[in-house]
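Structure first, commentary second.
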């Protein structure tokens with residue numbers, strides 16, 4: 001094993017000459033991950049802005065304004081008053097989900113039961129929130145219509161009153177409205193059809209989508225690292241050192257073991273940093289960190305072994321580079337590194353989970369979302385270890401059967 | 407004395423009917439030779455003759471198609487690990503980590519051959535001084551000159567004190583000063599008892615370094631022996647090459663007439679429209695008669711080359727072409 005340690009020290013010493021590349025392996029996934037995480041937020045709920053132009057500025061127009069920010073609607077819709085020109089510009093620029101214009105004379109038209117037009121302009125690049133706004137507006141208009149029908153007498157009385165009605169007149173209208181509500185309410189409540197939403201009991205809250213995406217980002221860094229490190233076999237071939245190695249009596253397995261150890265250390269650094277940042281951001285329990293890191297290192301070395309096999313299968317470096325690039329990006333896309341597996345169509349997600357990086361990411365997800373640490377099953381560890389040994393076995397065979405000769 | 411954990415009394419390097427084919431192409435064709443400890447054995451031949459292929463078969467980089475090679479009694483195929491442990495290889499192409507300091511290169515390759523601890527440290531220090539890089543031990547080879555890289559390349563091949571050293575054209579592209587230094591290193595290893603197999607296409611290197619050598623062309627050994635023995639094959643015959651314009655048939659007849667008259671112990675080696683190559687003893691004394699014969703055919707001589715007997719002329723004699731075509 002002493003030569004394995006020499007091989008390890010040699011690769012680490014050489015890696016230290018070119019450590020900047022490692023920063024790129026970390027930086028690109030972090031940038032992608034940060035962007036996607038910001039887009040997704042830490043919660044699933046969408047949020048948007050409804051711009052309101054209230055040209056009427058009456059009690060009734062305020063009721064309409066208030067309806068959009070009440071209840072659950074107010075949790076993902078922010079209502080902001082503005083003027084028409086500003087509102088139009090912002091909707092067209094994509095800064096708001098919709099612009100609703102309440103025209104002057106809205107209240108008078110409502111009380112006089114005359115036609116009135118509310119103008120709703122929606123953001124063309126969005127569909128969900130504008131659709132919600134449209135439906136709420138229609139519901140409000142329907143409610144207004146039924147209110148007009150139900151309280152037509154009271155409304156007529158109100159409009160015929162002077163500007164300063166007496167307390168007795170207001171009380172009379174209020175009593176009349178109350179009486180009508182008491183007559184109608186028993187016909188509406190309780191509802192004939194009651195909807196009960198049954199959800200399975202949850203031991204813990206469902207993880208946010210951004211958390212489920214984190215393993216894919218980390219695995220992306222490892223894929224870049226493993227592929228980059230595997231390219232060193234070509235560099236050693238060009239240097240001529242593989243020729244000298246094959247002519248030496250040393251067991252090639254020790255040379256490869258040294259390379260694997262060096263790859264493990266570098267992957268531990270890359271994975272450790274990205275994992276640490278992910279744990280920090282999502283507030284994951286640190287008890288999961290050691291097992292998660294170990295999983296990344298072991299499976300990362302397996303990736304390195306197989307990327308090395310891929311590099312050695314071709315007769316020249318250019319072809320090897322092109323093929324590995326053609327393979328890496330589809331793997332990353334299918335394996336959940338650009339889009340979380342949870343949001344992919346089922347058949348793509350199934351392919352992604354079966355890919356090496358998807359397999360890694362899924363197990364990492366299991367670990368970080370489980371209650372107790374050490375949730376990755378033994379068979380997954382075994383698969384990774386066996387595939388590593390097989391991969392390096394093929395590498396040794398390729399070294400002996402021609403790859404070492406430039 | 408070279409290190410050895412077993413005592414082997416036979417030739418340190420034996421090659422017997424070694425062949426290497428690539429499909430129908432025969433790169434090495436049943437070559438046989440042997441070399442002893444404390445000897446430099448040369449393999450002389452032009453580019454593409456099969457020298458590197460032979461070295462690669464002996465070093466284990468290529469599997470021979472047929473035949474055998476053994477190093478200190480260990481067959482390179484059936485007992486490859488033991489054979490490789492006795493070998494030091496200095497390849498034609500540099501085999502260095504250019505991003506690892508010189509001393510770390512030597513340490514790494516020493517480790518590959520089983521050295522360790524104090525023995526490794528002492529040996530690395532010794533090799534650094536021997537190859538003249540003691541003051542550049544911590545520098546990176548990518549900062550070295552070509553000659554310095556070649557010396558480090560040599561050092562990495564001998565750091566483990568192998569009893570048999572394979573050098574494959576180690577002075578290609580090297581300046582004369584570095585070349586001379588490399589020669590000194592080779593001779594030092596030989597004097598220390600190593601068996602050195604040295605391939606080259608430079609006749610002067612073979613003549614300077616080699617105790618015995620074999621001439622190889624198109625994969626075949628065409629001559630073998632000590633330098634003195636090979637020179638004796640030539641006798642004391644000079645090689646005369648005339649360049650110019652020579653009507654083929656008339657020139658042939660004119661030279662044949664000279665031979666008949668017994669004016670010179672002439673032999674034709676080669677004739678083309680713009681050159682004729684002859685071999686004869688004391689050529690300088692017969693030049694006037696040869697010029698007169700050529701002039702009589704209507705030909706003309708623009709250049710004359712007269713070479714004393716050496717390995718290059720022997721190669722020309724044996725193959726009809728220049729060693730460095």
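Chains as they are written, first to last, in my numbering: chain A, 1 to 406; chain B, 407 to 731. Ideal placement from N, C-alpha and C gives every residue a C-beta, glycine not left out.
Comparing C-alpha positions only, which one of the options sits nearest to residue i?
{"i": "residue 514 of chain B", "options": "A:12, A:154 and A:59", "result": "A:12"}
{"i": "residue 316 of chain A", "options": "A:213, A:294, A:139 and A:235", "result": "A:235"}
{"i": "residue 535 of chain B", "options": "B:421, B:504, B:524 and B:557", "result": "B:557"}
{"i": "residue 415 of chain B", "options": "B:480, B:448 and B:430", "result": "B:480"}
{"i": "residue 655 of chain B", "options": "B:677, B:526, B:648 and B:630", "result": "B:677"}
{"i": "residue 575 of chain B", "options": "B:597, B:543, B:608 and B:552", "result": "B:608"}
{"i": "residue 489 of chain B", "options": "B:524, B:421 and B:508", "result": "B:421"}
{"i": "residue 125 of chain A", "options": "A:101, A:93 and A:22", "result": "A:93"}
{"i": "residue 75 of chain A", "options": "A:86, A:65 and A:48", "result": "A:48"}
{"i": "residue 628 of chain B", "options": "B:533, B:438 and B:484", "result": "B:438"}
{"i": "residue 541 of chain B", "options": "B:585, B:600 and B:508", "result": "B:508"}
{"i": "residue 185 of chain A", "options": "A:150, A:142, A:90 and A:164", "result": "A:150"}
{"i": "residue 456 of chain B", "options": "B:443, B:441 and B:427", "result": "B:427"}
{"i": "residue 307 of chain A", "options": "A:239, A:254, A:253 and A:394", "result": "A:394"}
{"i": "residue 113 of chain A", "options": "A:147, A:55 and A:136", "result": "A:147"}
{"i": "residue 123 of chain A", "options": "A:131, A:280 and A:230", "result": "A:131"}
{"i": "residue 783 of chain B", "options": "B:698, B:674 and B:680", "result": "It is not possible to answer for residue 783 of chain B, since the shown part of chain B is limited to 407 through 731."}
Can you find a heavy atom of the ligand ZN that lies under 7 Å from the Cβ of residue i?
{"i": "residue 238 of chain A", "result": "Of ligands this structure carries none, so the ligand ZN is not represented either."}
Beta-carbon separation of residue i and residue j under 8 Å?
{"i": "residue 611 of chain B", "j": "residue 633 of chain B", "result": "no"}
{"i": "residue 478 of chain B", "j": "residue 492 of chain B", "result": "yes"}
{"i": "residue 96 of chain A", "j": "residue 216 of chain A", "result": "no"}
{"i": "residue 3 of chain A", "j": "residue 555 of chain B", "result": "no"}
{"i": "residue 392 of chain A", "j": "residue 256 of chain A", "result": "yes"}
{"i": "residue 20 of chain A", "j": "residue 52 of chain A", "result": "no"}
{"i": "residue 98 of chain A", "j": "residue 50 of chain A", "result": "yes"}
{"i": "residue 424 of chain B", "j": "residue 470 of chain B", "result": "yes"}
{"i": "residue 297 of chain A", "j": "residue 273 of chain A", "result": "no"}
{"i": "residue 592 of chain B", "j": "residue 602 of chain B", "result": "yes"}
{"i": "residue 375 of chain A", "j": "residue 351 of chain A", "result": "no"}
{"i": "residue 621 of chain B", "j": "residue 550 of chain B", "result": "no"}
{"i": "residue 82 of chain A", "j": "residue 101 of chain A", "result": "no"}
{"i": "residue 370 of chain A", "j": "residue 331 of chain A", "result": "no"}
{"i": "residue 399 of chain A", "j": "residue 8 of chain A", "result": "no"}
{"i": "residue 25 of chain A", "j": "residue 263 of chain A", "result": "no"}
Are there 16 or more other CB atoms within 10 angstroms of the CB of residue i, so buried, or fewer, so exposed?
{"i": "residue 694 of chain B", "result": "exposed"}
{"i": "residue 183 of chain A", "result": "exposed"}
{"i": "residue 408 of chain B", "result": "Here the model assigns residue 408 of chain B a pLDDT of 40, short of 50, so the residue's position is not dependable and the matter cannot be decided."}
{"i": "residue 18 of chain A", "result": "exposed"}
{"i": "residue 711 of chain B", "result": "exposed"}
{"i": "residue 445 of chain B", "result": "buried"}
{"i": "residue 311 of chain A", "result": "buried"}
{"i": "residue 418 of chain B", "result": "buried"}
{"i": "residue 560 of chain B", "result": "buried"}
{"i": "residue 401 of chain A", "result": "exposed"}
{"i": "residue 431 of chain B", "result": "exposed"}
{"i": "residue 258 of chain A", "result": "buried"}
{"i": "residue 510 of chain B", "result": "buried"}
{"i": "residue 719 of chain B", "result": "buried"}
{"i": "residue 284 of chain A", "result": "buried"}
{"i": "residue 643 of chain B", "result": "buried"}
{"i": "residue 625 of chain B", "result": "buried"}
{"i": "residue 232 of chain A", "result": "buried"}
{"i": "residue 731 of chain B", "result": "Here residue 731 of chain B scores only 48 on pLDDT, less than 50, and its place in the model is too uncertain to base an answer on."}
{"i": "residue 290 of chain A", "result": "exposed"}
{"i": "residue 10 of chain A", "result": "buried"}
Taking only beta-carbon atoms, is residue i less than 8 Å away from chain E?
{"i": "residue 519 of chain B", "result": "Judged by its chain identifiers, the structure shown contains no chain E, and its protein chains are A and B."}
Run through the DSSP bridge pairs and tell me what residue i is partnered with.
{"i": "residue 644 of chain B", "result": "B:686"}
{"i": "residue 441 of chain B", "result": "B:419"}
{"i": "residue 574 of chain B", "result": "B:605"}
{"i": "residue 275 of chain A", "result": "According to DSSP, which records beta bridges pairwise, residue 275 of chain A is partnered with nothing at all."}
{"i": "residue 427 of chain B", "result": "B:432"}
{"i": "residue 459 of chain B", "result": "In DSSP, residue 459 of chain B forms no bridge with anything."}
{"i": "residue 323 of chain A", "result": "Residue 323 of chain A pairs with nothing; no bridge assigned."}
* To do: Answer yes if the segment 234-254 of chain A comes into contact with the segment 461-469 of chain B, meaning at least three C-beta pairs across the two stretches below 8 Å, and no otherwise.
  => Touching, yes.
* Is the segment 494-505 of chain B touching the segment 571-591 of chain B in the sense that three or more CB pairs, one from each, lie closer than 8 Å? -> Inter-segment contact for the segment 571-591 of chain B and the segment 494-505 of chain B is present: three or more beta-carbon pairs are separated by less than 8 Å.
* To do: Count the C-beta pairs between the segment 292-302 of chain A and the segment 220-228 of chain A that are closer than 8 Å, then say yes if the count reaches three, no if not.
  => The segment 220-228 of chain A and the segment 292-302 of chain A touch, with three or more beta-carbon pairs separated by less than 8 Å.
* To do: Specify whether the segment 51-71 of chain A and the segment 107-122 of chain A touch according to this definition: at least 3 beta carbon pairs, one from each stretch, less than 8 Å apart.
  => Touching, yes.
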